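Below: one structure, written as structure tokens.
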Amino acid sequence: MRAYYYKEDDSDMCSPHDSGTPINEEELSRVGVVYYQIDVDSGMDRINDICAERNYKSRDIVRINREEMHELDAKLDVFFTEHFHEDEEIRLILDGCGYFDLRSSDDKWIRILVEKGDLLILPAGIYHRFTTTQDKRIVAMRLFKENPKWIAINRNENPVHNPFRNDYVSQYLS
Ligand code: KMT
Ligand code: NI
Numbered sequence: 073m074r075a076y077y078y079k080e081d082d083s084d085m086c087s088p089h090d091s092g093t094p095i096n097e098e099e100l101s102r103v104g105v106v107y108y109q110i111d112v113d114s115g116m117d118r119i120n121d122i123c124a125e126r127n128y129k130s131r132d133i134v135r136i137n138r139e140e141m142h143e144l145d146a147k148l149d150v151f152f153t154e155h156f157h158e159d160e161e162i163r164l165i166l167d168g169c170g171y172f173d174l175r176s177s178d179d180k181w182i183r184i185l186v187e188k189g190d191l192l193i194l195p196a197g198i199y200h201r202f203t204t205t206q207d208k209r210i211v212a213m214r215l216f217k218e219n220p221k222w223i224a225i226n227r228n229e230n231p232v233h234n235p236f237r238n239d240y241v242s243q244y245l246s
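Right under this line is the structure:
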């Protein structure tokens, strides 16, 4: 995992956009983001423990690559549209790399490079987006609590009136 402020430039979304200004785990925790490093080759014990502690009851695997994902570029455009969820977004990277971009407390983009062994937990209500690195290949385990509200609420110009977003704002941004 490596986090830094995102630099706006003309390169495509899958290029690094590295401003050179790093962000540490403590700063991430201030916007509610939790990170664990997992040794994914040494079995599932550690991940099972985290799931038990945090009440994650189900999981599945998403494989993003040109061969296995229908209309890969269209899917990536959807993932890269700024949104939030009413549940945590929990991803354990099993192979490949990707970028999670999320909003800092002053509404700048923070880019997080994730790779094998990174477990990233985005809190409910945080605005974020996802893309792969330029090779467009990543395998990730998605972890869920029971019955997650798995919709993406896209950002637009109007303020949202959503209790989950409001809870996030009052817990982390006020
Ligand atoms: C999401 O919700 O953005 C995804 O599932 C993207 C792939 S997870 C690395
Ligand atoms: Ni999301």
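Residue 73 is where the sequence shown starts when you use my numbering, and the numbers rise one by one after that. Beta carbons are placed, not taken as given, at the ideal position from N, Cα and C, and that holds for glycine. What you are looking at is a predicted structure, and each value in this text was computed from that prediction instead of being measured.
Heavy atom of ligand 2 within 7 Å of E247 beta-carbon: What the structure shows of the chain is the stretch from 73 to 246, and residue 247 is not part of that stretch, so it cannot be assessed.
Spatially closest choice to V310 from E161, R102, R74, E80, by CA coordinates: Because the chain here runs from 73 to 246, residue 310 falls outside it and cannot be looked at.
beta-carbon A75 near ligand 2 non-hydrogen atom, thresh 7 Å: no
Closest by C-alpha distance to M213, when choosing among F151, K188, N234, H233: Comparing Cα positions, the closest option is K188.
Which residues DSSP lists as bridging N226, in chain order: H155
Residue span of the alpha helix (DSSP H) that contains I122, given as start and end: 117-126
Reference I110, options H142, L164, V134, closest by Cα: For I110, the nearest C-alpha among the options comes from L164.
Three or more C-beta pairs below 8 Å linking the stretch 225-232 and the stretch 176-196: no
For H200, the residue or residues it bridges with in DSSP: Its beta-bridge partners are H155, L174.
D90 - containing beta strand (DSSP E), residue span: 90-95
CA nearest to the CA of T205, picked from P88, D81, K79, Y76: P88
Integer-rounded CB distance, given that H200 should sit under 8 Å from D173: Sure, about 6 Å apart at Cβ, within 8 Å.
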